[in-house]
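**Student:** Shown below is the structure under consideration.
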Amino acid sequence: MSTRLCHGRLGALALAVAGVLFVLYPTVRPWHDESTVAGATTSMSSNAWVAAHLFAMLGFVLIPLGLLGLQRLLERSRGDALARAATVTAWVGAGLVLPYYGAEDFGLHAIARSAAPGHGADLLALVHDVRFNPVMITMAGAGLMLLGLGGVLASVAIWRAATLPRWSGLLFAVGLLLFVPQFYLPAWARIAHGGLVGIGSIWLASAVWTASRPAPATPPVRVARQRSASVLSGRTAR
101 MSTRLCHGRL GALALAVAGV LFVLYPTVRP WHDESTVAGA TTSMSSNAWV AAHLFAMLGF
161 VLIPLGLLGL QRLLERSRGD ALARAATVTA WVGAGLVLPY YGAEDFGLHA IARSAAPGHG
221 ADLLALVHDV RFNPVMITMA GAGLMLLGLG GVLASVAIWR AATLPRWSGL LFAVGLLLFV
281 PQFYLPAWAR IAHGGLVGIG SIWLASAVWT ASRPAPATPP VRVARQRSAS VLSGRTAR
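Heads up, the sequence shown is in the numbering used here, so the first residue is 101 and it goes up one at a time.
Next comes the structure, spelled out in structure tokens:
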């Protein structure tokens, strides 16, 4: 198998695993009323909180790796330049998003565990200060928008290249574009959004994997017949 096809398959695996992780993220995440001290403490102090956000962070790491495999697959096609832009955009976006998710995961978890009843800490104020730090939330918002742009560029690259099924990047792009709006939706809608990102990523992974299969070797009998035909045609021409 060529290096190009090998990278394509690795990219497909990265996208498929990312899809599963983004399904697990909102499914495993505890959903309590975080506007109350009791709800925030229950959710954020749980191990499920840590696991869920870790799944999301790993998914954000894998998406640019998957797009890198897609870019290698689309080299020297009409979608090459856009695929490169999608990969770089998604990588920068993921880098901007990860600090926020790290604070949500490990920072809020530590705060919630230390702010147990009787310790006197104002948990909700601390949570607000972490989540709405101006620098961090600006970085995260910009990162998520760049990830959405990366998904759109990847979808357009697939359409232009016509190497993969042209619609195979659509759900992937839509899922990434909706990452910011879904934060304002109820729990069931956020879980549904995780399913959308998962389906879109796995659909794209399947298309990349299929396109990365080596071309079947020509059977020896057929080669022999082709050679015989060429010899006979050469003799006939004489």
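Glycine included, C-beta positions come from ideal geometry on N, C-alpha and C.
(1) Grab the span of the alpha helix (DSSP H) containing V308 for me, first residue to last.
(2) Let me know the secondary structure DSSP gives N147 once reduced to three states.
(3) So what's A112 in DSSP terms, helix, strand or just coil?
(4) Go to H132, then tell me how far its alpha helix (DSSP H) extends in each direction, as first and last residue.
(5) Report all residues from its chain with a CB closer than 7 Å to the CB of M236; omit the five preceding and five following residues, and keep chain order.
(6) Within a Cβ cutoff of 6 Å, which residues of the same chain sit near A151, ignoring the five residues on either side of it in sequence?
(7) For R178, I'd like the list of residues in its chain whose CB is within less than 6 Å of its CB, leaving aside the five on either flank, ordered along the chain.
(8) So the candidates are A257, G248 and Y284; which of them puts its Cα closest to the Cα of W191?
(9) Tell whether a beta-carbon distance below 9 Å holds between A257 and A194.
(10) Near F122, what residues of its chain come up, given a Cβ to Cβ distance below 6 Å and the 5 sequence neighbours on each side ignored?
(11) With a CB to CB cut of under 6 Å and the five nearest residues on each side skipped, what residues in its chain are close to Y125?
(12) Tell me the rounded alpha-carbon separation between D222 and R231.
(13) For A242 and R290, what's the separation of their Cα atoms in angstroms?
(14) Report buried or exposed for D133, applying the criterion of at least 16 other Cβ atoms within 10 angstroms of its Cβ.
(15) T189 lies in the alpha helix (DSSP H); which residues open and close that run?
(16) Shortest alpha-carbon distance to F272 belongs to which of L304, A287, P286 and L173?
(17) Distance check for G119 and A225, CA to CA, integer angstroms please.
(18) Count the other CB atoms, across all protein chains shown, that sit within 10 Å of the CB of R338; report buried if there are 16 or more and exposed otherwise.
(19) Can you look up V280 in the DSSP assignment and give me helix, strand or coil?
(20) Once DSSP output is grouped into helix, strand and coil, what is the label at S268?
**Tutor:** Here's the rundown:
(1) In the sequence shown, counting from the first residue as 1, residue 308 sits at position 208. Taken as a continuous stretch (DSSP letters only), the alpha helix (DSSP H) holding V308 covers A287 to A311.
(2) Here residue 147 refers to the residue found at position 47 of the sequence shown. Helix, per DSSP.
(3) Taking the first residue of the sequence shown as position 1, residue 112 is located at position 12. Judged by DSSP in its simplified three-state form, A112 adopts helix.
(4) In the sequence shown, the residue the question calls residue 132 occupies position 32. Where H132 is concerned, there is no enclosing alpha helix (DSSP H), given that its DSSP letter is neither H nor E.
(5) Start at 1 with the first residue of the sequence shown, and residue 236 comes out as number 136. These residues qualify, in order along the chain: P199, Y200 and A203.
(6) As a position in the sequence shown, residue 151 is number 51, starting the count at 1. So the list reads V128, once near-sequence residues are dropped.
(7) Translated into the one-based positions of the sequence shown, residue 178 becomes position 78. Taken in chain order, the residues that qualify are R260 and A261.
(8) Here residue 191 corresponds to residue number 91 of the sequence shown, with the count starting at 1. Taking only the C-alpha atoms, the option nearest W191 is G248.
(9) In the sequence shown, residue 257 corresponds to position 157, counting from 1. In the sequence shown, residue 194 corresponds to position 94, counting from 1. Against a cut-off of 9 Å, the Cβ pair of A194 and A257 comes out as no contact.
(10) Numbered from 1 along the sequence shown, position 22 holds the residue referred to as residue 122. If the five residues before and after F122 are omitted, its C-beta is found closer than 6 Å to the C-beta atoms of G159, G294, V297 and G298, all from its own chain and listed in chain order.
(11) Counting from one through the sequence shown, the residue named residue 125 turns up at place 25. Sequence-distant partners of Y125 (beyond 5 residues in either direction) whose C-beta falls short of 6 Å from its own C-beta, in its chain, are A152, F155, A156 and G294.
(12) Taking the first residue of the sequence shown as 1, we reach residue 222 at position 122. Taking the first residue of the sequence shown as 1, we reach residue 231 at position 131. Straight-line Cα distance between these residues: approximately 15 Å.
(13) Sequence index remark: in the sequence shown, residue 242 carries index 142 (1-based). Sequence index remark: in the sequence shown, residue 290 carries index 190 (1-based). One C-alpha to the other measures close to 20 Å.
(14) Here residue 133 corresponds to residue number 33 of the sequence shown, with the count starting at 1. With fewer than 16 other Cβ atoms inside 10 Å of its own Cβ, D133 counts as exposed.
(15) If you number the sequence shown from 1, residue 189 lands on position 89. Run containing T189: D180 to G202, per the alpha helix (DSSP H) assignment.
(16) Translated into the one-based positions of the sequence shown, residue 272 becomes position 172. Cα-wise, what sits closest to F272 is L304.
(17) Against the sequence shown, residue 225 aligns to sequence position 125. Against the sequence shown, residue 119 aligns to sequence position 19. Taking the Cα positions, A225 is about 34 Å away from G119.
(18) Working through the sequence shown from its first residue, we reach residue 338 at position 238. Note that R338 scores 47 on pLDDT, short of 50, meaning its location in the model is unreliable; the coordinates nonetheless yield the value given after this. Exposed, because fewer than 16 other Cβ atoms sit within 10 Å of the Cβ of R338.
(19) Within the sequence shown, the letter at position 180 stands for residue 280. Coil at V280, not helix or strand.
(20) Looking up residue 268 in the sequence shown gives position 168. S268 falls in the coil class under three-state DSSP.
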